[in-house]
Each structure stands twice: as structure tokens, then as C-alpha cells.
Ligand SMILES: NC(=O)c1ccc[n+]([C@@H]2O[C@H](COP(=O)([O-])OP(=O)(O)OC[C@H]3O[C@@H](n4cnc5c(N)ncnc54)[C@H](OP(=O)(O)O)[C@@H]3O)[C@@H](O)[C@H]2O)c1
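In our numbering, the protein residues as written are 361 to 581.
Spelled out as C-alpha cells, the structure:
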């Protein structure tokens with residue numbers, strides 16, 4: 361079997377950490393490249409970690425060859441402090457990585473955006489997520505897979521008070537959120553990661569997946 365090469369950005373994050381672990385465990389991938397600004401702290405024979413400066417396209421080009429690219433980058437307006445800084449992490453860096461990897465031969469790009477992503481939204485966050493989706497689709501990958509989770513559940517090293525409260529409230533009302541409300545139900549970050557890796561290995565055509573579809577793929581339905 362020809363084992364594939366995966367490249368991941370955002371591997372030190374919540375979803376990215378799960379994706380990295382799954383890629384390292386999966387026999388379908390022989391090499392996993394993680395492009396990071398700080399180490400993941402993980403040592404594995406399949407893993408090559410590259411400290412990169414995402415503001416320097418040349419530093420990416422030399423290491424961009426891969427079959428499947430997983431993008432789990434992202435920040436919050438609170439952390440980024442300005443809209444410009446947020447845009448850089450959630451739009452500029454993913455598009456730079458996508459273009460560089462496509463030019464180096466990558467066939468598939470898988471990205472986590474968010475529920476409500478829409479390039480014509482009046483809400484800045486949703487608009488940037490929609491714009492990045494549009495830009496990725498236009499690059500011309502054999503397949504571009506877009507994952508739009510609702511609130512993410514999972515253990516973080518940092519405290520996010522609003523997300524924590526949101527998660528607690530949703531856990532109580534989640535059983536009531538069925539049918540058309542299913543896509544608003546919070547989703548485990550681990551399920552998003554599992555859906556991404558499963559999709560990359562499935563040979564499916566380009567598609568968009570919301571939380572209910574992410575859960576189905578993660579459960580193998
Ligand atoms: N939180 C939610 O409930 C939620 C809901 C829907 C969608 N999303 C979206 O889902 C995606 C993944 O979310 P997550 O919670 O897994 O993210 P996360 O835990 O905050 O991780 C974000 C990743 O992006 C990297 N990053 C952030 N700023 C960077 C910068 N300036 N330069 C280079 N790398 C940078 C981080 O690296 P460092 O570790 O070095 O900072 C980390 O690897 C994001 O796009 C997010 O917007 C989140």
C-alpha cells in the first residue's frame with residue numbers, strides 16, 4: 361500500500377491536536393508534517409515538525425509537499441485583539457498554506473471553519489469564515505472539504521469562559537436539539553478530527569459538513 365503524506369497546520373490546538381494523534385495512529389499515512397510556531401511536544405517516527413513563520417511564504421514553500429492538508433488554524437477576536445490580526449490567522453495563513461501546498465502537488469485540503477460561515481454575512485467572524493471557504497474552493501484542489509462545527513467541546517489548556525458557559529448550557533439542552541436543530545448542537549472536537557481524517561481517506565468529492573454530518577461521519581454512519 362502506498363502510504364500518504366499528511367501536512368497539518370494548527371496541530372497545537374484543540375481540533376488540530378486530535379487530528380495529529382489520529383494521523384499518527386492511521387496506517388494510511390506514512391509521514392505526517394506539522395507546521396507549527398511552537399512545538400507540539402510529541403515525538404513519533406512518522407512525525408516531522410517544522411517551526412515556521414506564517415508571515416514568510418518562503419519558509420513554507422520548501423516543506424509544503426503532501427497529499428492531504430489539514431488546516432485547524434484559528435484564533436478569537438479576544439486573543440487577536442484586532443480584526444486585522446484575526447483576519448491574518450483565519451484567512452491569510454490558511455489561504456497561503458493552501459496555495460503553497462497546491463502548487464507543491466497536494467490533492468486534498470480539509471479545513472475547519474464554523475457554523476454560519478458566509479462571505480456576505482454582516483457578522484465579521486462569519487464573514488471571514490465564509491471568505492476563507494470561498495478562497496479555498498477557488499484554488500482548484502481535487503477535493504476541498506469544509507467542516508463547519510457549532511460550539512466545540514473538549515479539554516483546553518486555556519480558559520475560555522464564554523465557551524465554557526455555552527458548553528455547560530448546551531449540555532443541558534442538547535437532548536432537545538434534534539431534527540433541524542441538530543446542526544446547532546455542540547460537537548466534540550475529537551469528532552471533528554475523526555470526521556476530517558475519515559473524509560480524507562474516503563476519496564469523497566468536495567463538500568461542506570455541519571455538526572450533524574460531522575457526528576455521522578465520526579460515528580461511521
Ligand atoms: N471554539 C469553538 O467553539 C469553535 C466553534 C466553531 C469553529 N471553530 C473554529 O475551529 C477551528 C479550530 O478551533 P480550535 O478551538 O481547535 O482552535 P485552537 O485550539 O484555538 O487552536 C488554534 C490553532 O491555531 C494556531 N494559531 C493561532 N494563532 C496563530 C498565529 N498567529 N500564528 C500561527 N498559528 C496560530 C494555534 O497555535 P498556537 O498553539 O501556537 O497558538 C493553534 O494551533 C478554528 O478555526 C476556530 O475558529 C471554533
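Don't be surprised by glycine CBs; every beta carbon is placed ideally from N, CA and C.
Being a predicted model, the structure only gives us computed values, none of them experimental.
Cβ shell of residue 465 (< 7 Å), same chain only, five flanking positions each side left out: Excluding sequence neighbours, residue 465 sits near 425.
Counting Cβ pairs, one atom from each stretch, are 3 or more of them under 8 Å apart for the segment 454-472 and the segment 495-503? Short answer: they touch.
Let me check you understand the geometry: is the CB of residue 568 closer than 7 Å to at least one non-hydrogen atom of ligand 1? Proximity of the beta carbon of residue 568 to ligand 1 is not indicated: no heavy atom of the ligand is located closer than 7 Å.
For a test of the three-state rule: what should DSSP assign to residue 532, helix, strand or coil? Three-state DSSP puts residue 532 in a helix.
Rounded to whole angstroms, how far is the Cβ of residue 556 from the Cβ of residue 545, which I believe are closer than 8 Å? Your pair residue 556 and residue 545 does not check out as a contact, with CB atoms roughly 19 Å apart and the cut at 8 Å.
Cβ pair residue 477, residue 493 closer than 8 Å: Contact annotation: residue 477 and residue 493 have beta-carbon atoms nearer than 8 Å.
Alpha-carbon to alpha-carbon, residue 490 and residue 483: Straight-line Cα distance between these residues: approximately 11 Å.
Rank 453, 517, 488 by C-alpha distance to the C-alpha of residue 395 and give the top, closest one. That would be 453, whose Cα lies nearest to the Cα of residue 395.
When 520, 564, 472 are compared against residue 553, the one with the closest alpha-carbon: Closest option to residue 553, judged by alpha-carbon separation, among 520, 564, 472: 472.
Could you tell me how far apart the beta carbons of residue 547 and residue 571 are, in whole angstroms, since I believe they sit closer than 8 Å? Taking C-beta atoms under 8 Å as the contact rule, residue 547 and residue 571 qualify, at a distance of about 4 Å.
I believe residue 390 touches residue 372 by the beta-carbon criterion, under 8 Å. Please report the beta-carbon distance rounded to the nearest angstrom. The pair is not a contact, with the Cβ atoms about 23 Å apart (cut-off 8 Å).
Just to check my reading of the structure: residue 399 and residue 385 have Cβ atoms closer than 8 Å, yes? What is that Cβ distance to the nearest angstrom? Not a contact, Cβ separation roughly 20 Å.
Kindly examine ligand 1 and report whether one of its heavy atoms sits closer than 7 Å to the Cβ of residue 432. The answer is yes for residue 432.
I'd like the list of long-range same chain contacts for residue 375, defined as Cβ closer than 6 Å, with 5 residues on each side in sequence excluded. Contacts found: 432, 472, 549, 552, 553.
Quick one: which unbroken alpha helix (DSSP H) runs of 4-plus residues sit fully inside the segment 366-393? Chain order, please. Complete alpha helix (DSSP H) runs here, min 4: 374-385.
What would DSSP say about residue 504, mapped onto helix, strand or coil? Of the three classes helix, strand and coil, the one that applies to residue 504 here is strand, per DSSP.
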